[in-house]
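Protein chains in written order, with the UniProt record's numbering: chain W, 1 to 537; chain X, 1 to 537. We put the CB at the ideal spot given by N, CA and C, even for glycine. Notes follow the structure.
Number of protein chains: 2
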Amino acid sequence: MTASHVSGLPASLHPPILRHLALYIVVAKILNVTPLDSKQSLQQPSLTISGNLGKDSMLVQLLLLSSILLTCVSNGNAGVTSSFIRNEWPSVDIPLDNEVFAVPKGYNAPQQVHITQGDYDGRAVIISWVTADEPGSNQVRVGLSEGKYDFVAEGTVHNYTFYNYKSGYIHQCLVGDLQYDTKYYYAIGDGDSSRKFWFKTPPEIDPDASYKFGIIGDLGQTFNSLSTLKHCMQTSAQTILFVGDLSYADRYDNHDVGVRWDSWGRFVEPSAAYQPWIWSAGNHEIEYFPHMGEVIPFRNYLHRYPTPYPASKSSSPLWYAVRRASAHIIVLSSYSPFVKYTPQWRWLEEELKRVDREKTPWLIVLMHAPIYNSNNAHFMEGESMRVVFESWFCQYKVDVIFAGHVHAYERSYRISNIRPDSSNPVPDKSAPVYITVGDGGNQEGLANRFRDPQPDYSAFREASYGHSTLEIKNRTHAIYHWNRNDEGKRVPTDSFVLHNQYWGNNRRRRKLKKNHLHSVVATLQVGENLDLLSMGM
Amino acid sequence: MTASHVSGLPASLHPPILRHLALYIVVAKILNVTPLDSKQSLQQPSLTISGNLGKDSMLVQLLLLSSILLTCVSNGNAGVTSSFIRNEWPSVDIPLDNEVFAVPKGYNAPQQVHITQGDYDGRAVIISWVTADEPGSNQVRVGLSEGKYDFVAEGTVHNYTFYNYKSGYIHQCLVGDLQYDTKYYYAIGDGDSSRKFWFKTPPEIDPDASYKFGIIGDLGQTFNSLSTLKHCMQTSAQTILFVGDLSYADRYDNHDVGVRWDSWGRFVEPSAAYQPWIWSAGNHEIEYFPHMGEVIPFRNYLHRYPTPYPASKSSSPLWYAVRRASAHIIVLSSYSPFVKYTPQWRWLEEELKRVDREKTPWLIVLMHAPIYNSNNAHFMEGESMRVVFESWFCQYKVDVIFAGHVHAYERSYRISNIRPDSSNPVPDKSAPVYITVGDGGNQEGLANRFRDPQPDYSAFREASYGHSTLEIKNRTHAIYHWNRNDEGKRVPTDSFVLHNQYWGNNRRRRKLKKNHLHSVVATLQVGENLDLLSMGM
Chain W
1 MTASHVSGLP ASLHPPILRH LALYIVVAKI LNVTPLDSKQ SLQQPSLTIS GNLGKDSMLV
61 QLLLLSSILL TCVSNGNAGV TSSFIRNEWP SVDIPLDNEV FAVPKGYNAP QQVHITQGDY
121 DGRAVIISWV TADEPGSNQV RVGLSEGKYD FVAEGTVHNY TFYNYKSGYI HQCLVGDLQY
181 DTKYYYAIGD GDSSRKFWFK TPPEIDPDAS YKFGIIGDLG QTFNSLSTLK HCMQTSAQTI
241 LFVGDLSYAD RYDNHDVGVR WDSWGRFVEP SAAYQPWIWS AGNHEIEYFP HMGEVIPFRN
301 YLHRYPTPYP ASKSSSPLWY AVRRASAHII VLSSYSPFVK YTPQWRWLEE ELKRVDREKT
361 PWLIVLMHAP IYNSNNAHFM EGESMRVVFE SWFCQYKVDV IFAGHVHAYE RSYRISNIRP
421 DSSNPVPDKS APVYITVGDG GNQEGLANRF RDPQPDYSAF REASYGHSTL EIKNRTHAIY
481 HWNRNDEGKR VPTDSFVLHN QYWGNNRRRR KLKKNHLHSV VATLQVGENL DLLSMGM
Chain X
1 MTASHVSGLP ASLHPPILRH LALYIVVAKI LNVTPLDSKQ SLQQPSLTIS GNLGKDSMLV
61 QLLLLSSILL TCVSNGNAGV TSSFIRNEWP SVDIPLDNEV FAVPKGYNAP QQVHITQGDY
121 DGRAVIISWV TADEPGSNQV RVGLSEGKYD FVAEGTVHNY TFYNYKSGYI HQCLVGDLQY
181 DTKYYYAIGD GDSSRKFWFK TPPEIDPDAS YKFGIIGDLG QTFNSLSTLK HCMQTSAQTI
241 LFVGDLSYAD RYDNHDVGVR WDSWGRFVEP SAAYQPWIWS AGNHEIEYFP HMGEVIPFRN
301 YLHRYPTPYP ASKSSSPLWY AVRRASAHII VLSSYSPFVK YTPQWRWLEE ELKRVDREKT
361 PWLIVLMHAP IYNSNNAHFM EGESMRVVFE SWFCQYKVDV IFAGHVHAYE RSYRISNIRP
421 DSSNPVPDKS APVYITVGDG GNQEGLANRF RDPQPDYSAF REASYGHSTL EIKNRTHAIY
481 HWNRNDEGKR VPTDSFVLHN QYWGNNRRRR KLKKNHLHSV VATLQVGENL DLLSMGM
C-alpha cells in the first residue's frame, strides 16, 4: 500500500507537508477562517460553511500551523514515525505524601469523587465517592446554583476486602431526570466535612450537536500522568473517554494494591468530579493474583468504577454504550469473552443495530488492546478481537476506534483486513481510523521500539506521553488532536479533520433535507478533493 | 502444501491406499500381528515390539482392513473427503417419555448419576446425582466388592432456579484416597431407593501405562445421540473426553431448559455413572437469555457438572487439567477469556510448564471450537484462540487436540501457522494433530457442506455421526479410530497410529534407559520410514 493508494492523489502531491496544508485549508473553511496559505494547486472552491464555529479560530490557526511545521521534519513516506525526543519525568509513581494524593480535610470527608454518565442519553450521572472513617450519608444534594440545592438523591454504600486490604465506604448515587445542557452543582458529605462540585449535562441528542471529548489511556500516577491530566483539563474537553489501565495499582503487592487504588481516585478527582469519565477496563484492571488468593478478574475496578451498562441492555459493566450529544460511544472489554456466541458478542450485535446515525452521526468505539498497532510492545495482541469484530466495524462504518495498552501514540489509515482472499490490510473507506493513546504516563514508561519499516497501515506514530481530543463540530466534521506532553507544555502534534463516515458519504448527503442544503454543498465541494485524503487520517 | 510436502515421500507413493497399508503394517507390528500384506517396497524391518499387546489382534486386522477398503473409494488428493452417505435418524430430540429418560423407581431415588476425576492424578472421583423430592442423604458408600461398602464419603447438596424452573437437589461428593487400578463399588440414596454403581480407577501415573479414551462431542439427546453413546460404550473406553455441547437444552425455552438438562443427565447415566467423563464447555452451555433474565454464562452447566479445577491450580471450573495413566489432559474454555493477561492464559502458561513428559508422555488438549476445520459451518471461529495459543501448542509438542462444535468429523495433518513471514498453515512436525469430533448427533443435524477444494491442512473429513477412541499403548504409540454410526453399527472409519510427540523424537529415544532399549530400536526402525507419514495423521 502506498500513499497514492490511500489518498487517490499522485504520490508526488502527497508528502506530509501537503497533506497538512490541505487539512489546514479544510479546517479553516469549516471554521470560516481565512487560510494563511490556501495552496491553489489543490483547486479548493471558495465556498465557506456557515455556522457559529468562528470562536477559537485564532487558536486553531496556531495549532494547525504548529502541526504543519512539526510534520515538516518527518520523512516523506506514507506513514510518519516522529523522531521527536522529549525530556520526561522518571517513570516512578508520585510518593503517597505528595499533595496530589492529599486526603481532604475534615472527619470522614468524601474523597475519590468521580462521575460518569448514568443513562443511555446523558440525562443522568452516577456520582461515586469514598468515606474513610464511617459510612456516613449516601445523599447527593443537587441544584442549579452554587450552594442552593433543590433536590436530593439517595445512593448506596458498600465496602470490600482485597487480600489484607479493607476498602473505605464506597458510595454510588444515580442522579437522574436532569435537563440537557445545564450546569448542576452538587454537594456530598456531612456538616463541616461536606464538599461541593459541579458538572454540566450534555446537549440533547442531536445530529449537529457539537461536543468535545478528551481521550486518555494507561494513565497511572506518575509525574508524567500528572502532566497528561493537567493538559487534558486545559483543553476544555467536556467528557473524558478513558481507554483502560487506570491506577496501575496491580504493580503493588498485598495491602498496597488497595492503597494505590485509593490514591489514584484522589489523583483524578480534580477532573473526574466535574467531567464524566467514560470507563473501559484494561489488563491492569484484571488483577489475577493467585499468590494472594485473589483470582476474580476486575474486582477492585468493578467495586469502584460503576458504569451505566443496564441502560444499553448489557449484562456486564465491562461492555456497554452511551449516547452523548451527537455521538454513540461503544465500550468493549478486551479481556472479557468476545468470540461468537458470548454475551459481549451477542450484545454488540444488537447494540450496533440500535445505532441511529440520523440521531447520533458519530460512532466511536473504545477498547484497551489496539486492533492495529505497529509498536513492538503488544504487537498483534488485538488480533483475537480483530478477527471477530473487524467486519462489523466496517459494515457499520465506525468513525474512530480509540485504544490504549501500548505506551506510545499511533494513528492508522482507514484500512481493513477482512477479505477472504488476502491476509494483509488494504485501504478501505468503510473502515474506522484506529488510534492508540496508551501514552498517559504510567510507571511502566514508554514503548519506544516501533517496527521497522513502518507498516503501510500506520499513518503517524510517536513514543511520547500525551492525550487526544476529539471536537465534534457538526454531523459531518470533527477536529482531532493528539497533544504531546512537551517539557511541561501541551503541544498539539498530530491533527486532522475527521469526516463522518455516515454523513460524509455522498449518497447520504444527497438525501439531506432542504434546510441543510447550503452547508451540504459546501461540505461536498470542499470534501471532493480531500475526501480520499481524509481517508488516510 | 502437497502430500509429498507433508510426508517426505514421493507423491506417487502416497495415495491413501498406500498410507493405510503402511499404517496397517505399523499397527500389526506394534500388536505383534502378521501383516496380511506387508508391502516390501516400504522396506520395513522385521523387528517386532514385544509386549502383552496380542489380544484383540484379529479385531484390529479386521478394523484396519475395513479402513483400507473404505479409503480406497476416496479420491487421490492429499486430503480425503469421504463420500459416504448414511441413513440417519431424524435430527429431533427423543420424546421425554422414552425409556432412555426414565426416572429411576422409588421415592426420591438418585438420578442423573455421573462421575468425573476428582484430583490431579486419578486417585479421587467426584460423584454427582440429583434427588427430585427432598434433599435426602449426601453420603456415598464405597467398597471393594459389590454390596460391601467399607467407607462413607459425605458430600454437599444445593439447588438453584433458572427462570421459572427449579432444579432438583444436586448432590456432589468427592471420594478420595483411592487405590490406583482398582474397581470400586458405590451406593447412593436411602433405603429401598438406593442405587448401586461401580467405577475403576486408572493405573498409577506411568509413562508406559496403557489406557483407552473415548472422545465425544456435541452429543444432545436424539436417536443419533443414543447411537453414539451406545457405540462408545461398546468400545471399552475407560474414560470419556467430552469436548463440549452436552444437552442442547438451550434450544428450549423457559421451564423446558431445565427439564432437558435433567433428561440429558438421565440419558448419559448408563455410561457416566461408571466411567469418568472429563468435561469441557461448549457454546450451548453459555445460555445467555436476556429475554428470560438469565445472562450469567454457563449457569446450568456449572451447577451440574463439577470439575477438579483447584487440583491443577485453576481459578475456574471451565479450564483445568488432569493427569490419568500416561496422559496429561488440558481442558480449555473456548468461551471464557483466553487472550494474554487473562486468568485462563496465565493458568495455561503455568500448566504447560508443569507437564512432565517423562511421567505423562501424552499431552492432550480439549476445547470446543476447533482451531483447524474446513467445514463451512463455524469456519474460522477458532481463529481467535489459534492466534493466542498455537505457538504454545507447537512449543510444548501437544500430541493431539480434540474439539467439537462442527457437526462433522475432520482430522488435520500436523501443520501450524505461526511463522511471522507467512499467513498460511505449513507442515510442522512439532504441531498437534487437530481432530474435530462434533458429530455426537444432536438435534441441529450434520454440517455437510465442506469447503471446496479441501484445504491442504485437512487430512480426512466426513459428515457422519460418530465418536473417536484413543488407545494409548505405551509411551511411544497410540491407536486412534474415528467410529462412524452406520445403520446402527459402529464402523471404525478413520484410523491411524499416533506417534508420541515427545518419545517419538529420535533424540529422546537415544536417551532411553537400557531396559527400554529393545522396544526402542524396534520403534525407531519401524518408525523411520513412517515417521513423516504419521506426521500427516
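Query	Result
When DSSP labels each residue in this structure, what does Tyr480 (chain W) get in the three-state scheme?	strand
Taking 8 Å as the threshold (beta carbon to beta carbon), is Asn500 (chain X) in contact with chain W?	no
Check this for me: beta carbons of Ile205 (chain X) and Arg195 (chain X), under 8 Å apart or not?	no
Could you give the residue range of the alpha helix (DSSP H) that holds Trp392 (chain W)?	383-395
Rounded to the nearest angstrom, what separates Val152 (chain W) and Thr116 (chain W) at their Cα positions?	18 Å
Are the beta-carbon atoms of His407 (chain W) and Ala377 (chain W) separated by less than 8 Å?	yes
How big is the Cα-Cα spacing for Gly136 (chain W) and Ser391 (chain X)?	54 Å
Given that a residue counts as buried once 16 or more other Cβ atoms are within 10 Å of its Cβ, and exposed if not, what is Lys473 (chain X)?	buried
Buried or exposed: Glu351 (chain W), going by 16 or more other Cβ atoms within 10 Å of its Cβ?	buried
Sort W:Ile126, W:Ser225, W:Pro104, W:Ser210 by Cα distance to Gly484 (chain W) and report the nearest one.	Per the sequence shown, residue 484 (chain W) should be read as Arg rather than Gly. Ranking the options by Cα distance to Arg484 (chain W), first place goes to W:Ser225.
Let me know if Gly147 (chain X) comes out buried or exposed under the rule of 16 or more other beta-carbons within 10 Å of its beta-carbon.	exposed
At which residue ranges does the segment 211-298 of chain X contain complete alpha helix (DSSP H) runs of 4 or more residues, listed in the order of the chain?	223-234, 255-272
Using C-beta distances below 8 Å, list every residue in its chain close to His303 (chain W), excluding the 5 sequence neighbours before and after it, in chain order.	His158, Tyr160, Ser167, Ile170
Under the rule that 16 or more other beta-carbon atoms within 10 Å means buried, what is Gly488 (chain W), buried or exposed?	exposed
With burial defined as no fewer than 16 other Cβ atoms inside 10 Å of the residue's Cβ, what is the status of Pro310 (chain X): buried or exposed?	exposed
Which residues, taken in chain order from the segment 339-350 of chain X, show a beta carbon closer than 8 Å to some beta carbon of chain W?	Val339, Lys340, Tyr341, Thr342, Pro343, Arg346
To the nearest angstrom, report how far apart Gly79 (chain W) and Ser495 (chain W) are at their CA atoms.	14 Å
Please work out which residues of its chain come closer than 7 Å, Cβ to Cβ, to Tyr107 (chain W), disregarding the five sequence neighbours upstream and downstream, and give them in chain order.	Asp133, Ser193
For Asn283 (chain W), go through chain X and note every residue whose CB falls closer than 7 Å to its CB, in chain order.	Tyr341
Which residue's Cα is closest to the Cα of Pro317 (chain W): W:Ser326, W:His328, W:Arg323, W:Phe298?	W:Phe298
Output the boundary residues of the beta strand (DSSP E) element that contains Arg461 (chain W).	458-462
Got a sec: is the Cβ-Cβ distance from Val426 (chain W) to anything in chain X below 8 Å?	no
Taking Cβ positions only, does Pro337 (chain X) come closer than 8 Å to chain W?	yes
Give me the residue from W:Trp347, W:Asp250, W:Pro343, W:Tyr320 with the minimum Cα distance to Met367 (chain W).	W:Tyr320
Using a Cβ-Cβ cut-off of less than 8 Å, give me the residues of the segment 287-319 of chain W that come near chain X, in sequence order.	Tyr288, Pro290, Val295, Ile296, Pro297, Lys313, Ser315
Indicate the three-state DSSP secondary structure (helix, strand or coil) for Glu351 (chain W) in the structure shown.	helix
Look up Lys489 (chain X) in the DSSP assignment and give the residues it is bridged to.	X:Asp486
Using a Cβ-Cβ cut-off of 6 Å (strictly less than) and excluding sequence neighbours within five positions of His481 (chain W), which residues of its own chain qualify?	Thr469, Pro492, Ser495
Suppose the cutoff is 6 Å on Cβ atoms and the five residues either side in sequence are ignored; what does the same chain contact list for Tyr434 (chain W) look like?	Ile371, Tyr372, Ile401, Ser412
Is it buried or exposed, Ile296 (chain W), if we count other Cβ atoms within 10 angstroms and call 16 or more buried?	exposed
Looking at Thr201 (chain W) and Gln172 (chain W), is the spacing between their C-beta atoms short of 8 Å?	no
Can you name the start and end residues of the beta strand (DSSP E) that His114 (chain X) belongs to?	111-117
Kindly indicate if chain W contains any beta-carbon less than 8 Å away from that of Val388 (chain X).	yes
Taking only beta-carbon positions, decide if Gln443 (chain X) is within less than 8 Å of chain W.	no
Ignoring anything shorter than 4 residues or poking outside the segment 151-216 of chain W, list the alpha helix (DSSP H) runs there in chain order.	none
Express the C-alpha separation of Gly438 (chain W) and Ser430 (chain W) in angstroms, rounding to a whole number.	25 Å
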